[in-house]
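Peer 1: Let me begin by handing over the structure; questions about it come next.
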Amino acid sequence: MAAALLGVLAGCRMSTTVQSSAAPAPEKDTARQIQAALADCMKGRGFTYVPFVAPPLEFGDEQEKAHGGDHAAMKAERSKRGFGVFYHLVHPHQPKDVDDPGANPNWKIKRDLSPAQQEAYDKAEPSCQAEAITKVTGKVVKSEEDRFAQINRLIDQTVKRELDGDPELVGLASAMADCLSGKGHRMTSTKPTALHTWGWDLFTAQKNEIAKNDDIPDTGLPEGEYYEPSRLSPVEARRHLDREIKVALDDLECGKDFYAAYQPRFRQIERRISEQFGVMG
């Protein structure tokens, strides 16, 4: 599916507080409580479910610096991944197999069910996920997907409310837009939030256009979302990524001061809202 704004949300930690091993991070406790409630609900539906909290994505020091707006770290990241749109088509992520160490034990439990039981499991799990999330966080959600859709919307609303009116960011964004226009890039807005996402939006639209012309029907997806392009050769994907990297480096060159001011505040908002829904941000 097309990645949402949160795309990488679950792994981006911006806290400057060090959590002691004796006192788990509050959001991790919430995640465990949700899993325990989910297990109880699934048991009530006749299924075995093992509470499982996946470890947060691990980021190296340089990636953490990049997320915080450090220019040198962002340049290294952009030189490799661009805005992060076509990179995963060139370097696909290999998910864990059900039998891999550290894999969610519930994958194997479900695999060993009969086809009829698997169908019933697939109906019960989303309902139980929603029930567990609401019970623990107080947030009313319809499913795990709806949970992240709500997080995305709330992050979007909050950053626009808190950051688009900030005088410092407005000035830095305007200067960045002028610089990008001077490099031949068409800018449709000078708002800080628009400058933050314009490159991602530009290349995501290009990727979606490729996906629309695939012969795989994009059924069952929200409007405007598409499955990843399936017929893009590695050579073609690399060509798209190379163009994306060039634009991403232009963006960073023009936005050096902007990102240094914007990124830390954006990450704080992202984490704050994620934690409200029991997600380790």
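Here my numbering is used: the first residue of the sequence shown is 1495, the next is one more, and so on.
Glycine included, every Cβ here is placed at the ideal spot set by N, Cα and C.
All figures in this text were calculated on a predicted structure; none of them were measured in a lab.
Since residue 1752 is in the alpha helix (DSSP H), which residue starts that stretch and which ends it?
Peer 2: Segment 1750 to 1770, the alpha helix (DSSP H) holding residue 1752.
Peer 1: Is it buried or exposed for residue 1777, if we count other Cβ within 10 angstroms and need 16 for buried?
Peer 2: There is simply no residue 1777 to check, as the chain begins at 1495 and stops at 1775 in what is shown.
Peer 1: Could you spell out the range, first to last residue, of the alpha helix (DSSP H) harbouring residue 1666?
Peer 2: From DSSP, the alpha helix (DSSP H) with residue 1666 extends over 1661 to 1676.
Peer 1: Suppose contacts are defined by Cβ-Cβ distances below 7 Å. Is residue 1528 in contact with residue 1627 by that definition?
Peer 2: The answer is yes: Cβ separation under 7 Å.
Peer 1: Would residue 1763 pass as a contact of residue 1684 if the rule is Cβ separation under 7 Å?
Peer 2: Not a contact, by the Cβ cut-off of 7 Å.
Peer 1: Terminal residues of the continuous alpha helix (DSSP H) containing residue 1653?
Peer 2: Unbroken alpha helix (DSSP H) run through residue 1653: 1638 to 1657.
Peer 1: Would you tell me roughly how many angstroms separate the C-alpha atoms of residue 1671 and residue 1563, rounded to the nearest one?
Peer 2: Their Cα atoms are separated by approximately 18 Å.
Peer 1: Ignore the nearest five residues each way along the sequence and tell me which others in residue 1623's own chain have a CB closer than 7 Å to its CB.
Peer 2: For residue 1623, where only same-chain residues beyond five positions count, the Cβ hits under 7 Å are 1532, 1637, 1638.
Peer 1: Any contact between the stretch 1570 to 1578 and the stretch 1721 to 1730? By contact I mean 3 or more CB pairs, one from each, below 8 Å.
Peer 2: They do not touch, by the three-pair rule.
Peer 1: Could you give the C-beta distance for residue 1580 and residue 1731, rounded to a whole number, given that I count them as a contact under 8 Å?
Peer 2: Indeed they touch by this definition, with Cβ atoms about 6 Å apart.
Peer 1: At the level of alpha carbons, what is the spacing between residue 1500 and residue 1538?
Peer 2: Below a pLDDT of 50, predicted positions are generally treated as unreliable, and residue 1500, at 37, falls in that range; the measurement from the model is reported next regardless. Going by the C-alpha atoms only, they are around 32 Å apart.
Peer 1: For residue 1673, collect the residues of the same chain with a Cβ closer than 6 Å to its Cβ; drop the 5 residues on either side in sequence, then sort them by chain order.
Peer 2: Excluding positions up to five away in sequence, the list reads 1748.
Peer 1: Does the beta-carbon of residue 1686 have 16 or more other beta-carbons within 10 angstroms, so that it is buried, or is it exposed?
Peer 2: With 16 or more Cβ atoms within 10 Å of its Cβ, residue 1686 is classed as buried.
Peer 1: Spatial neighbours of residue 1745 within its chain, please: CB distance less than 7 Å, with the 5 preceding and 5 following residues excluded, ordered by chain position.
Peer 2: Only 1674, 1693 meet the Cβ criterion.
Peer 1: Contact defined as beta carbons within less than 8 Å: I believe residue 1754 pairs with residue 1565. What is the distance between those atoms, to the nearest angstrom?
Peer 2: Confirmed, about 7 Å.
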